[in-house]
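What follows is a short report on a single structure.
Numbering (the numbering used here), first residue to last: 77 to 231.
Here you go:
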């Protein structure tokens with residue numbers, strides 16, 4: 077019976093893993109990927125490229141609970157941007173998300189703004205301070221249903 081136990085566990089994990097899909101890419105993740113895309117264009121890097129590995133670590137630091145992004149998934153995402161790039165003579169990957177299109181439209185003609193926003197995102201990811209201290213939010217007393225100076229338990 078002990079011989080079957082590891083096989084059972086392995087089959088269960090394999091079956092579960094085959095059903096799992098990573099969550100959709102966030103806007104911040106796409107901005108960081110697009111920034112890297114423009115660093116590499118017109119060539120596509122391999123998953124073993126140090127900059128791909130670095131972005132993988134950054135994105136997984138953003139999603140600390142679970143490792144969502146692999147080097148292969150990052151290269152795939154860069155390939156998704158090819159379909160949107162008018163300079164590319166091929167067709168790129170045919171499927172992509174609506175958010176990819178939005179991020180492309182927002183930043184493809186603004187490389188210096190893209191670089192600035194990407195650096196800011198990286199800084200926030202590795203910052204030890206709370207994101208709420210880093211973003212200029214409305215004063216808590218201006219929020220609805222709050223008593224002056226008292227932070228509500230839930231929003």
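For every residue, glycine included, the Cβ atom is placed at its ideal position computed from N, Cα and C. Quick caveat: nothing in here was measured; it's all calculated off a predicted structure.
- In this structure residue 107 is buried. Its beta-carbon is surrounded by 16 or more other beta-carbon atoms within 10 angstroms.
- No Cβ-Cβ contact shorter than 7 Å links residue 154 with residue 201.
- By alpha-carbon distance to residue 118, the top candidate from 145, 162, 102 and 180 is 162.
- Rounded to whole angstroms, the Cβ separation of residue 110 and residue 157 is 6 Å, and the two are in contact under 8 Å.
- Comparing alpha-carbon positions, the option among 192, 121 and 159 lying closest to residue 176 turns out to be 159.
- Taking C-beta atoms as the reference points, residue 104 and residue 197 count as a pair closer than 7 Å.
- Judged by beta-carbon spacing, residue 134 lies beyond the 7 Å limit of residue 147, meaning their Cβ atoms are not closer than that value.
- For residue 115, the enclosing alpha helix (DSSP H) covers residues 103 to 116.
- Taking the Cβ atoms as the reference, residue 121 lies roughly 6 Å from residue 151, within the contact range of under 8 Å.
- Rounded to the nearest whole angstrom, the CA to CA distance from residue 126 to residue 145 is 15 Å.
- It is roughly 15 Å from the alpha-carbon of residue 194 to the alpha-carbon of residue 116.
- Comparing C-alpha distances from residue 112 to each of 164, 182, 172 and 131 shows the shortest one belongs to 131.
- Taking every protein chain shown into account, the CB of residue 166 has fewer than 16 other CB atoms within 10 angstroms, so this residue is exposed.
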